[in-house]
Amino acid sequence: MSKEKRMRRELSEKEILDTVRDIRHEAPGIGAYKLYLMLKELYPDEMRGRDWFYGLMHESHLMLKPGKRRHTTSSNHPYRKYKNMIKGLTVNRINQLWVADITYIDTDEGVAYLHLLTDAFTHEIIGWVLSDSLVASNTVTALDMGISHVSPLGFDGLIHHSDRGVQYCCNQYIDRLQAIKATISMTEDYKPTDNAIAERVNGIIKQEWLYRMKRPP
């Protein structure tokens, strides 16, 4: 590589990293993949592959450190645990797959728990409850919110996916799902990748939306 070409490459990399720092100043929680997509539009000629960009981020110590996962559910209970029915599933319509999860949020008053229900096709949150409690009644309320927005014929072929926590296995929650004839699917362990859509929504809420809400005017 010629000296001139090497200098141009170094300048373009500096420009890209400066832009990353500017974006991170406004949104510290934004992840590397979203940055990659944004910068591909801003610098179509300078940006190379995703692995190259991740390497550049690593070298510049700009990758986010993964947060410590706090378990909000427990599978140590006597209720029936269901099989994972979504392995290899292609989601191509609304109300085909709902994913449920509970995430914690640190507040000035202490820890709060956000009970979420998300449509996997649209990634829209269709049911939610924010509470200081992990009791199953809150999770059921979030489910009822999602159910209320769908016509009786809209549940045909619906799969509901969650972890194996007591909130999702208790009789009250299962009765709701059976009443709408939903197929019940559950993760086989606590790996975040087993409920990736719910985890992605959690990350967006915590790292991007909540940060903007907390920023002073």
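Per numbering that gives the first Met the number 0, the very first residue in the sequence shown carries number 0; after that it's consecutive.
Beta carbons: idealized from backbone N, C-alpha and C, even for Gly.
Can you tell which of R92, L142, G54, Q95 has its C-alpha closest to the C-alpha of L113?
-> Here residue 113 is taken as the residue at index 114 of the sequence shown, counted from 1. Cα-wise, what sits closest to L113 is L142.
Between the segment 175-184 and the segment 81-98, do three or more beta carbon pairs fall short of 8 Å?
-> Segment contact: the segment 175-184 against the segment 81-98, three or more CB-CB distances shorter than 8 Å; contact assigned.
Would you check if the distance between the CB atom of T138 and the CB atom of Q166 is smaller than 8 Å?
-> Position 139 of the sequence shown holds residue 138. Position 167 of the sequence shown holds residue 166. Going by C-beta atoms, T138 is nearer than 8 Å to Q166.
If you draw a straight line from the alpha carbon of S136 to that of G28, how long is it in whole angstroms?
-> Sequence index remark: in the sequence shown, residue 136 carries index 137 (1-based). Sequence index remark: in the sequence shown, residue 28 carries index 29 (1-based). If you take the alpha carbons of S136 and G28, they lie about 31 Å apart.
T117, enclosing beta strand (DSSP E) - first and last residue = If you number the sequence shown from 1, residue 117 lands on position 118. Start and end: 109-118.
Specify, as a first and last residue, the run of the beta strand (DSSP E) that K126 falls within.
-> In the sequence shown, counting from the first residue as 1, residue 126 sits at position 127. With the sequence shown as reference, residue 126 is identified as Gly, and Lys is not the correct amino acid for it. That run of the beta strand (DSSP E) goes 124-130.
Separation of I22 from E242, as counted between CA atoms | Past the edges of the chain, shown from 0 to 216, lies residue 242, and the structure says nothing about it.
With DSSP as the reference, label T57 as helix, strand or coil.
-> Along the sequence shown, one-based indexing puts residue 57 at 58. The question names Thr, yet the displayed sequence has His at residue 57. Residue state for H57 is assigned as helix, using DSSP reduced to three classes.
For V19, does the count of other Cβ atoms within 10 angstroms reach 16, so buried, or fall short, so exposed?
-> For the purposes of this step, residue 19 is taken as residue 20 along the sequence shown, with counting starting at 1. A buried status is given to V19, since no fewer than 16 other beta-carbon atoms sit within 10 Å of its beta-carbon.
Inter-residue Cα distance where the pair is L96 and V90 = As a working note, residue 96 is residue 97 in the sequence shown. As a working note, residue 90 is residue 91 in the sequence shown. Approximately 7 Å, taken between the alpha carbons.
For Y32, the nearest candidate out of Y42, D17, R47, Y53 (CA to CA) | Here the question's residue 32 lines up with position 33 in the sequence shown. It is Y53 whose Cα lies nearest to the Cα of Y32.
How far does the alpha helix (DSSP H) with S136 in it reach, from first residue to last?
-> Stepping through the sequence shown from its first residue, residue 136 is reached at position 137. Start and end: 135-147.
Which value, in whole angstroms, describes the spacing of the CA atoms of R49 and K39?
-> Within the sequence shown, the letter at position 50 stands for residue 49. Within the sequence shown, the letter at position 40 stands for residue 39. Roughly 10 Å between the two C-alpha positions.
Which whole-angstrom value describes the C-beta separation of A111 and I104, a residue pair presumed to lie in contact below a C-beta threshold of 8 Å?
-> For the purposes of this step, residue 111 is taken as residue 112 along the sequence shown, with counting starting at 1. For the purposes of this step, residue 104 is taken as residue 105 along the sequence shown, with counting starting at 1. That pair is a contact at about 5 Å.
Would you mind sorting D162 into buried or exposed? The rule is 16 or more other CB atoms within 10 Å of its CB.
-> Taking the first residue of the sequence shown as 1, we reach residue 162 at position 163. The residue in question, D162, is buried, as its Cβ has 16 or more Cβ neighbours within 10 Å.
Could you name the residues of the same chain whose beta carbon sits closer than 7 Å to that of V128, not counting the 5 residues immediately before and after it, in chain order?
-> Stepping through the sequence shown from its first residue, residue 128 is reached at position 129. Within the same chain, V128 has close Cβ partners H114, N137, T140, A141.
Name the two residues that bound the continuous alpha helix (DSSP H) containing M37.
-> Here residue 37 refers to the residue found at position 38 when the sequence shown is read from its first residue. Following the DSSP letters along the chain, one finds M37 inside the alpha helix (DSSP H) bounded by residues 31-41.
Output yes or no for whether 8 Å exceeds the beta carbon distance between T121 and I158.
-> Taking the first residue of the sequence shown as position 1, residue 121 is located at position 122. Taking the first residue of the sequence shown as position 1, residue 158 is located at position 159. No, the Cβ-Cβ distance between T121 and I158 is not below 8 Å.
Could you tell me whether the Cβ of K13 comes closer than 8 Å to any Cβ of chain D?
-> Going by chain labels, chain D is absent from the structure shown, which holds only one protein chain.
Run of the beta strand (DSSP E) containing I85, from where it starts to where it stops = Locating residue 85 in the sequence shown gives position 86, counting from the first residue. Counting along the chain, I85 falls outside any beta strand (DSSP E), and DSSP gives it neither H nor E.
Just the C-alpha distance for V149 and D118, rounded to the nearest angstrom, thanks.
-> Start at 1 with the first residue of the sequence shown, and residue 149 comes out as number 150. Start at 1 with the first residue of the sequence shown, and residue 118 comes out as number 119. Approximately 12 Å between the Cα atoms of the pair.
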